[in-house]
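So the structure is just underneath, and the comments pick up after that.
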Amino acid sequence: MDQLISASQDTIAAIATAVSPGQGGIAVIRVSGPAALETAQVLVRCPGNPSWDTHRIFYGHVVDASGEGRLDEVLVLLMRAPRSFTGEDVVEIHCHGGVIAVQQVLERVLAQSGVRRALPGEFSQRAVLNGRLDLTRAEAVSAMVSARSRRAAELAMSGMDGGIQVRINGLRERLLDQLTELEARVDFEEDLPLLDGEAVLRELAAVREELLALIADGERVQVLSQGLRLALVGRPNVGKSSLLNRLSRRERAIVTDLPGTTRDLLESEIVLEGVPVTLLDTAGIRSTKDAVELLGIARSEEAMASADLVLLIVDGHVGWTDADAELLERIPEHVPHLIVANKADLPAVVCPVPVDVHLSALDGRGEDQLVQAVLHRCGASEAAGVLLALNQRQRDLAATAACALARSHEAAAETLPWDFWTIDLREAIRALGEITGEELTDAVLDRVFSRFCIGK
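Residue numbers (our numbering): 14 to 469.
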C-alpha cells in the first residue's frame with residue numbers, strides 16, 4: 014500500500030470524455046494532484062486576473078509554450094481538496110471536442126513539471142484511497158460508463174448510491190458480532206454465560222443464504238452488462254435478413270428474392286426490453302461450390318458456436334425440409350436454440366417439429382412473442398425484479414464467504430472447539446471486506462482499476 018499511496022502524490026492528467034473526429038462539441042481534460050492548480054494557471058490566460066477560488070468556472074484561452082499563441086478557447090473548473098472526486102486538487106479543462114484541439118491541450122498539460130499521464134482507473138483509485146468512494150461505488154461508476162441499456166444504468170446507479178456497500182457491510186457486521194462472541198468464549202469461557210452454538214449456526218446460515226441470493230441475482234442480470242449474441246441461421250431466402258432489419262428498425266442487410274444474398278456475417282446492435290443484443294445475420298447454409306459463399310457459411314458455423322442463442326429460421330410457407338433438419342443437427346449441443354417459422358403472412362404448412370414462434374418479418378406479427386421467447390430462453394426475463402447486482406469480482410468474493418460459512422457448520426458438526434469455528438468465520442469476514450474495500454491490498458486495487466478506462 015505504501016507504493017500506491019506514494020504514487021498518488023503525483024499530478025495526473027487524462028482526457029475524461031470520449032474523443033473521435035468530428036464528434037462532440039466539447040471535451041474534458043481532468044487534472045488531479047498537488048500541481049493541478051499551478052498547471053491551470055500557467056496554461057490558461059483568463060481576463061481580469063481571477064482569484065481562482067474553489068468550485069468556480071473560469072473563462073480563458075490555453076496558450077502555447079511561447080505564451081503568445083492561443084491553442085483553444087476553454088472553460089476551467091477548479092475543485093480544491095478535499096471537495097473533489099479524487100479528494101485532491103482537481104482542475105477540469107473544458108475545450109472544444111474532436112481530436113486536434115483536445116490533444117494539443119493535453120500535450121501542454123503533460124509538458125508541465127510534475128504532471129504525468131493517468132493510468133487506467135487512476136482517478137477512481139485515488140478517490141478510494143482518499144476515502145471519497147468505497148470500492149463498490151467506484152466499480153459502479155465504471156459500470157455506469159459502460160452501461161449498454163437503461164436497465165444496466167439503473168443497476169449501476171443503485172451501486173453508486175451505496176446499495177451494495179450497505180448490504181455487504183450489514184452482513185459483515187452480523188458476522189463480526191458472532192466472531193466477537195466466539196472469541197470471547199475462547200479466552201474467557203469460564204467467566205461468561207454458555208454460548209448457544211445452535212443460535213450462532215442459525216445466524217451464519219441466514220447470512221450465507223443472503224449471500225447466495227445476491228450471487229444468484231448478480232448472475233441473472235449479468236446479461237444486462239455483457240449482452241446477448243443472437244445468431245440467425247437458416248436456409249437461403251427464409252427471411253433472416255428481413256428479420257434482422259425488422260428488429261434493428263433499419264435496413265442493415267440487403268433483402269432480395271435471390272437465394273444466397275448474404276455472403277458474409279452481418280452484425281446489428283439492438284436493445285430488447287433493456288437487454289443489449291448483438292444480432293448476427295449469417296449466410297444461408299447450403300451445399301455450394303461458390304468460394305465466397307463457402308467462406309460465409311464457415312463464418313455462420315463459427316457464429317453458431319459462439320452465440321448465446323440460435324434462432325433457426327424456417328420458411329413456414331414452404332414447410333420443414335431435409336435442409337432444415339440438417340441445420341438443426343449442426344447447432345452445437347451446448348447452445349440453446351429456438352425454431353422460428355417465418356412468413357406467417359402466407360398460408361402455412363404443418364411442421365413435423367415443434368415450432369417455438371410463428372412470425373412474419375414482413376408485417377411484424379409474432380414479433381412480441383419472439384422477443385419474449387428469446388429473453389425467457391436466455392434467462393434475461395428473470396432479471397426484472399433485481400434491485401442490486403454484484404459484478405463478477407464481487408460474486409466471486411461472496412461465494413468465497415459463503416463457502417467459508419458452510420465450513421463453519423462442518424466444524425460444528427464435528428463438535429470442534431470454538432476457535433476452530435473462528436477460522437472460517439474470519440475468512441468470510443475478510444472476503445466481504447474485500448468487496449467493499451475494508452480489506453484493501455495492492456492486488457485488489459490492481460484487479461479492480463486495471464479494467465477502468467483512462468480518464469475515469
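Heads up, the beta-carbon is just placed ideally off N, CA and C, and yes, glycines get one too.
Item                                                                                                                                                                    : Value
Excluding the five sequence neighbours on either side, which residues of its own chain have a C-beta within less than 6 Å of the C-beta of A393, listed in chain order? : V236, V288
Alpha helix (DSSP H) containing R150: first to last residue?                                                                                                            : 148-159
Determine the direct distance from the alpha carbon of Q407 to that of G446, and round the result to whole angstroms.                                                   : 10 Å
Note down, one range per segment and in chain order, each beta strand (DSSP E) of at least 3 residues found wholly within the segment 221-253.                          : 241-247
Just the Cα atoms here: how many angstroms apart are T52 and S45?                                                                                                       : 10 Å
Within this structure, are the beta carbons of L90 and I70 separated by less than 7 Å?                                                                                  : yes
Do you know how far the Cα of R150 is from the Cα of D174?                                                                                                              : 7 Å
Which residue spans inside the segment 35-94 form an unbroken alpha helix (DSSP H) run of at least 4?                                                                   : 49-56
Checking contacts by CB at 7 Å: is G240 closer than that to chain C?                                                                                                    : Looking at the structure shown, chain C is missing, and only one protein chain is on hand.
Can you give the Cα-Cα distance for N258 and S155, rounded to whole angstroms?                                                                                          : 32 Å
Give the range of the alpha helix (DSSP H) segment to which L418 is assigned.                                                                                           : 405-426
Should P272 go down as buried or exposed, given a rule of 16 or more other Cβ atoms within 10 Å for buried?                                                             : Unreliable placement is indicated for P272, whose pLDDT of 45 sits below 50; the coordinate value is still reported in the next sentence. Its Cβ having fewer than 16 others within 10 Å, P272 is exposed.
Check D337 in the structure and name its three-state DSSP category.                                                                                                     : helix
Classify A40 as buried or exposed, calling it buried when 16 or more other Cβ atoms lie within 10 Å of its own Cβ.                                                      : buried
Does DSSP put R129 in a helix, in a strand, or in coil?                                                                                                                 : strand
Under three-state DSSP, which class holds A27?                                                                                                                          : strand
Quick one: what does DSSP say L322 is sitting in, helix, strand or coil?                                                                                                : strand
In the DSSP output, what is D328 paired with across the bridge?                                                                                                         : N355
Per DSSP, what kind of secondary structure is E105 in: helix, strand or coil?                                                                                           : strand
Below 8 Å on the Cβ atoms is my guess for A361 versus G379; work out the distance and round it to an integer in Å.                                                      : So it is not a contact: roughly 12 Å between Cβ atoms.
Is the segment 399-414 in contact with the segment 438-445, if contact means three or more CB pairs nearer than 8 Å?                                                    : yes
Indicate whether V323 and V246 have their beta-carbon atoms separated by less than 7 Å.                                                                                 : yes
Out of R420, I448, L400, which one is the CA nearest neighbour of L168?                                                                                                 : L400
Give me the Cβ distance between L123 and A26, rounded to the nearest whole Å; I'm assuming they're in contact under 8 Å.                                                : 6 Å
Can you tell me the Cα-Cα spacing of V118 and R164, whole angstroms?                                                                                                    : 36 Å
Would you mind working out which of L227, H371, F98 sits nearest D409, comparing C-alpha positions?                                                                     : L227
Measuring only the C-alpha atoms, how far is L285 from G329?                                                                                                            : 24 Å
By Cβ distance below 8 Å, which residues in the same chain neighbour G377 in space, the five residues on each side in sequence not counted?                             : R259
Please return the same chain residues whose Cβ sits closer than 7 Å to the Cβ of V234, not counting the five positions on each side in sequence.                        : L168, A396, V399, A402
Around the Cβ of G183, are there at least 16 other Cβ atoms within 10 angstroms (buried) or fewer (exposed)?                                                            : exposed
Pair every Cβ in the segment 99-107 with every Cβ in the segment 128-146, then say whether three or more of these pairs are closer than 8 Å.                            : yes
From the DSSP output, which residues share a beta bridge with T470?                                                                                                     : What is shown of the chain runs 14 to 469, which leaves residue 470 out entirely.
Use the C-beta contact count for A31: other C-beta atoms within 10 angstroms, 16 or more gives buried, fewer gives exposed.                                             : exposed
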